[in-house]
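Written out below as structure tokens is the structure these notes cover.
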Amino acid sequence: MPPSSLSTLLSLQPLDVHKLANRFAAHLQLLAAALPKASAAASLPSPILLRLRALHAHILASGFKPRAHILNRLVDLYAKAGDLPSARLLFDAAAPADAAAATSLVNAYAATGRLPLARRLFDCIPLPSRDTVFYNSMISGYARAGDGPLALAIFRDMLRDDFRPDDYTFTGVLSAAATIIVLELDHCGQLHCAVVKSGTEQVISVSNALIALYFKCDSPEIAVIAREVFDRMVKRDELTWTTMVVGYVRKRDINEARQVFDKMEGRFDVVWNAMISGYVHCGLFSEALEMFRRMNSIGISLDEFTYTSVLSACANAGLFIHGKAVHAHIIRSGPDFNPESALPIENVLVTLYSKCGKTNVAKRIFDDIKRKDPVSWNAILTGYVNCGRIDDALAIFQIMPHKNELAWMVMISGFVHNGLAEEGLKLFSRMRAEGTKPYDYTYASTIAACGELGTLEHGRQLHAQLIQFGYESSNSAGNALLTMYAKCGALEEARLMFLVMPNVDSVSWNAMIAALGHHGHGREAIELFDCMIGEGIFPDRISFLTVLSACNHAGLVDEGFRYFESMKHDYGIIPGEDHYARLIDLLGRAGRIGEGRDVIKSMPFEPGPSIWEAVLSGCRMHGDMDLGIYAAEQLFKMIPQHDGTYVLLSNIYAAVGWWEDVARVRKLMKDRGVKKEPGCSWIEVANKVHVFLVNDARHPEVQEVYKFLEILGVKMRKLGYVPDTKFVLHDVDPGKKEYALSTHSEKLAVGYGLMKLPSGATVRVLKNLRICGDCHAAIMFMSKAADREIIVRDVKRFHHFNNGECSCGNYW
DNA sequence: ATAGGGTTAG
């Protein structure tokens, strides 16, 4: 007897109690059916709640005493309709407590994220009133909230209290277990056993959850086990297939995912979205876009997940025009996303626009996001960091409401990779002080900072910490350590890293080759390069840059030439401007700048700044004035603010004693506002600039240093060190007998301390600096009489030494 | 009365 409408019910006179009870029950049933399936209380249509209240009022007015099942129904409906206070009032009024009503309330609390409230209610219900479903609701509540351990605790309580778990229990328990971060294969196996024993394995939802669980496990053999579960299933639904696709995508096995995808029928939007995001994660952006086109042409509905993945594909593949087209399409077709589901799209748009260099557009989109989440903040932070706008990045970082691990990492690596290594280290300490856990990549950045600063001891401490965190097999951390040790002059430790790293990738090979090159083992470096090729590792453009540098350090000009040719012919890598620049640098250092000229002529493009810089530096070494000045002019045209040009040019002038021209260059710098502190390339003594080069034998002071270096070389070789490069004498003040030398290796510096200059002036190592392997850092040697400020040049900045104090506070 | 899948920041 279906009731026709609420009005007929309300018109009934309260004569027949049974009839009335039936009508009430039927109406409640009708309301329940009208509720949407998902218990998303917030978005429920209020008409249902209004009708419910009207009905309830009528029940009360009729003076009819409803029995327990009607009351429970009401509790359930109020809970589902989002009126939890009413539900709770009714529930509390009824005695004894009813398991079904309690279940409804627990579910409603859990659905609105109020897990503690749900739990308190759960604990209040005495054992005799409980049933399996009651436990199930608490388990699934925790599972949905992502709290695996608490869900499993309830499961254990349930077994202890002698309740039999059913298929719903296991579905909940398995999905709860899947939220546990460090998931052991054993753990999955135990749960699997329990499922088999309970005889619920053939329930589709249980098997689905089991497959998803196995795929979330870190163990390598899981794909096979998940597949076995899948194969044993008698019946599968579309979720089974989807779970398989999603699982393989998780494991980055995109081919297997695709095979499952191709086999399944009735593919709906979720699978397509999973495939697209899978392709994006594997870097196969064109396949991702192809999927997008296909699903579009078949008429699968595009939702916010689709758009998010596709936009991410465009952003990562550099397909900015395509990305903007998709953005335009979203605006045009104007699907009405609620703010919550629009958020990921807006987030990825921030990334898209900052990646294509439109950081200001990205910022505007970011500003327009109403409820920003950590992803939004990190997206704009990363955008600023990547375009080098560190000040803006820092401003964002400081006002961010919730700084998670990633935010710290991005800000730290932003500092380090923009020449602010010390700031990076400081921020790292702050992060640790606040108890935030670093990623392995955070360590990589911080360790790189130590490499830049040459603070070996600090680097070693970080190495120890990193092992405590269990990151010793991380590739990014390992590569960073290798590079850091090499830059700090600890070549043996770098070698050790290379040997013990479980996975050596091309970055590791390149880093090790570079390390050997920097330490003067050019031959060994190119042997290692050949070894890498022998191991079947395909050298990339960075590998060739590295090996060219190694040849450069060791003066292996012909070998360098050979690698350059081999890169083009054997590996089909088109040399970039950077490769040409290294080649020219190599020729220049060997005094073959004329050949460098020919190389420039053979280039398929116009020479850019890096080429002219290499030419200029080659000319400085060997005093080709005309070409050097021409190169400097080109550089001035291209990048007038580039301080290095001025230094190099003035070095050329100084090499031939044209002090007026040196002064002219300095004045030019001042006029053009070039910010460069007068460093060790020149020092004013009695208003006169003196810059000498070791190669320039015309000056008697230089001759003396030459002799010194010769003797030093012999001594060093006896000690087992190999002086690898030409020494550049930065500064000689004949009056005061002060000498500043730049060299490559920390160990060489130790050797220097043992020496006396031929003239009798003593040389003292004020500080055994750990210098950077890029060989730009300088070690200062000076006579005991020296008392004025000394400036040591570092890779990225200058350090001022005065009265034994260094401006950065790190070295002394 | 209770359950299972997909998206974004490096």
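So that you can map any letter, position 510 of the first sequence is 510 in UniProt numbering, and since no number is skipped, the others follow by simple counting. Glycine is no exception: its CB is placed at the ideal position from the N, C-alpha and C atoms.
For L239 and L152, I'd like the C-alpha separation in whole angstroms. Residue numbering aside, residue 239 sits at position 239 when the first sequence is read from its first letter. Residue numbering aside, residue 152 sits at position 152 when the first sequence is read from its first letter. Distance between the alpha carbons of L239 and L152 is about 24 Å.
Between the Cα of F538 and those of E559, A511, R562 and D505, spot the shortest distance and give me the residue it belongs to. Position 538 of the first sequence holds residue 538. Checking every option, the nearest Cα to that of F538 belongs to D505.
If you draw a straight line from the C-alpha of A697 to the C-alpha of G591, how long is it? Stepping through the first sequence from its first residue, residue 697 is reached at position 697. Stepping through the first sequence from its first residue, residue 591 is reached at position 591. Unreliable positioning characterises A697 in this predicted model, as indicated by a pLDDT of 41, which lies under 50. The coordinate reading is nonetheless provided below. For A697 and G591, the distance between alpha carbons rounds to 15 Å.
Range of the contiguous alpha helix (DSSP H) that encloses H327: Here residue 327 refers to the residue found at position 327 of the first sequence. Per DSSP, H327 belongs to the alpha helix (DSSP H) from F320 to S333.
For V249, which of F230, D92, E265 and V271 has the nearest alpha-carbon? Locating residue 249 in the first sequence gives position 249, where the first residue counts as 1. Nearest neighbour of V249 by Cα position, chosen from F230, D92, E265 and V271, turns out to be V271.
Quick one: residues in its chain with C-beta nearer than 7 Å to the C-beta of D540, no 5 flanking neighbours on either side, listed in chain order? Your numbering for residue 540 matches position 540 in the first sequence. Only S506 meet the Cβ criterion.
Just the Cα atoms here: how many angstroms apart are L499 and T483? Numbered from 1 along the first sequence, position 499 holds the residue referred to as residue 499. Numbered from 1 along the first sequence, position 483 holds the residue referred to as residue 483. Taking the straight line from one Cα to the other gives about 14 Å.
Does the contact criterion of 3 or more C-beta pairs under 8 Å hold for the region 551-562 versus the region 527-537? With the cut-off at 8 Å, the region 551-562 and the region 527-537 do not touch.
Helix, strand or coil at residue 813 according to DSSP, with G and I counted as helix: Here the chain comprises residues numbered 1 to 812, so residue 813 is not present and cannot be evaluated.
Cutoff 6 Å; reference M158; Cβ partners in own chain excluding five residues on either side: Walking along the first sequence from the start, residue 158 turns up at place 158. Cβ within range, chain order: Y135.
Please state the DSSP three-state secondary structure of T179. Stepping through the first sequence from its first residue, residue 179 is reached at position 179. Residue state for T179 is assigned as coil, using DSSP reduced to three classes.
Outcome for V196 when other beta-carbon atoms lying within 10 angstroms are tallied against a minimum of 16: By 1-based counting over the first sequence, the position of residue 196 is 196. Looking at its Cβ environment, which holds fewer than 16 other Cβ atoms inside 10 Å, V196 is exposed.
Inter-residue Cα distance where the pair is S473 and L516: For the purposes of this step, residue 473 is identified with residue 473 of the first sequence, where counting begins at 1. For the purposes of this step, residue 516 is identified with residue 516 of the first sequence, where counting begins at 1. In this model, S473 and L516 are separated by some 23 Å (Cα to Cα).
Segments of 4+ residues assigned as alpha helix (DSSP H) that fall wholly inside the region 36-104: Runs found: 46-61, 68-80 and 84-93.
Work out the CA separation of I574 and C551 for me, nearest whole Å. The sequence position of residue 551 within the first sequence is 551, counting from 1. The sequence position of residue 574 within the first sequence is 574, counting from 1. Distance between the alpha carbons of C551 and I574: 19 Å.
Using the Cβ count rule (16 or more neighbours within 10 Å means buried), how would you classify residue 827? For the chain, the structure presents residues 1 to 812; residue 827 sits outside this window and is missing.
Pull up the distance between the alpha-carbon of Y580 and that of I222, whole angstroms please. As a working note, residue 580 is residue 580 in the first sequence. As a working note, residue 222 is residue 222 in the first sequence. The alpha-carbon atoms of Y580 and I222 are separated by roughly 48 Å.
Rounded to whole angstroms, what's the CA-CA distance from G608 to H569? Just pull it up for me. Your numbering for residue 608 matches position 608 in the first sequence. Your numbering for residue 569 matches position 569 in the first sequence. Roughly 24 Å separates the two Cα atoms.
What's the gap between the Cα of I300 and the Cα of L77? Taking the first sequence and counting its residues from 1, one reaches residue 300 at position 300. Taking the first sequence and counting its residues from 1, one reaches residue 77 at position 77. One C-alpha to the other measures close to 35 Å.
Quick check on this structure: which residue in I125, H192, Y109 and P126 has the alpha carbon closest to the alpha carbon of P118? The sequence position of residue 118 within the first sequence is 118, counting from 1. Looking at the sequence itself, residue 118 is Ala, so the reference to Pro does not match. If you compare the alpha carbons of I125, H192, Y109 and P126 with that of A118, the shortest gap goes to Y109.
Cβ shell of S198 (< 7 Å), same chain only, five flanking positions each side left out: By one-based count along the first sequence, residue 198 stands at place 198. Excluding positions up to five away in sequence, the list reads P165 and F170.
Coarse secondary structure for R664, derived from DSSP in three states: As a working mapping, residue 664 is identified with position 664 in the first sequence. Correct three-state label for R664: helix.
Length of the line joining the Cα atoms of K601 and T359: Here residue 601 refers to the residue found at position 601 when the first sequence is read from its first residue. Here residue 359 refers to the residue found at position 359 when the first sequence is read from its first residue. Distance between the alpha carbons of K601 and T359: 38 Å.
Cutting at 6 Å between CB atoms, please list the residues of its own chain near A444, excluding the five before and the five after it. In the first sequence, counting from the first residue as 1, residue 444 sits at position 444. If we look at A444 and ignore the five residues flanking it on each side, its Cβ neighbours are S476, A477 and A480.
Pick helix, strand or coil for M264, following the three-state DSSP scheme. For the purposes of this step, residue 264 is taken as residue 264 along the first sequence, with counting starting at 1. Note: M264 maps to coil in three-state DSSP.
Helix, strand or coil for K19 per DSSP? Numbered from its first residue, the first sequence carries residue 19 at position 19. The answer is helix: DSSP assigns K19 an H, G or I state.
Enclosing alpha helix (DSSP H) for G534 [first to last residue]: Sequence index remark: in the first sequence, residue 534 carries index 534 (1-based). G522 to G534 is the span of the alpha helix (DSSP H), which, as asked, contains G534.
Determine, using beta carbons only, whether D373 and L343 come nearer to each other than 8 Å. Working through the first sequence from its first residue, we reach residue 373 at position 373. Working through the first sequence from its first residue, we reach residue 343 at position 343. Yes. Within cutoff.
Beta-carbon contacts of G148 that lie in its chain and below 8 Å, excluding the five residues immediately before and after: In the first sequence, residue 148 corresponds to position 148, counting from 1. Within the same chain, G148 has close Cβ partners Y142, A176, A177, A178, T179 and I180.
Would you mind reading off the limits of the alpha helix (DSSP H) that contains H187? Against the first sequence, residue 187 aligns to sequence position 187. Counting along the chain, the alpha helix (DSSP H) containing H187 begins and ends at L185 to S198.
Chain-order list of residues whose beta-carbon lies under 8 Å from that of V599 (same chain, five-residue window excluded): As a working mapping, residue 599 is identified with position 599 in the first sequence. Within the same chain, V599 has close Cβ partners Y580, L583, I584 and L587.
Along the chain, which unbroken stretches of the alpha helix (DSSP H) at least 4 residues long are found entirely within the region 344-411? Runs of the alpha helix (DSSP H) lying entirely within the region 344-411, each at least 4 residues long, are 359-368, 374-386 and 390-399 in chain order.
Please specify which runs of the beta strand (DSSP E), each continuous and at least 3 residues long, are wholly inside the region 563-637, giving them in chain order. Those beta strand (DSSP E) runs which fall completely within the region 563-637 and span 3+ residues do not exist here.
Which of the three DSSP states, helix, strand or coil, is assigned to M158? If you number the first sequence from 1, residue 158 lands on position 158. M158 falls in the helix class under three-state DSSP.
Terminal residues of the alpha helix (DSSP H) in which A448 lies: What you label residue 448 is simply residue 448 of the first sequence in a count that begins at 1. From DSSP, the alpha helix (DSSP H) with A448 extends over D440 to L453.
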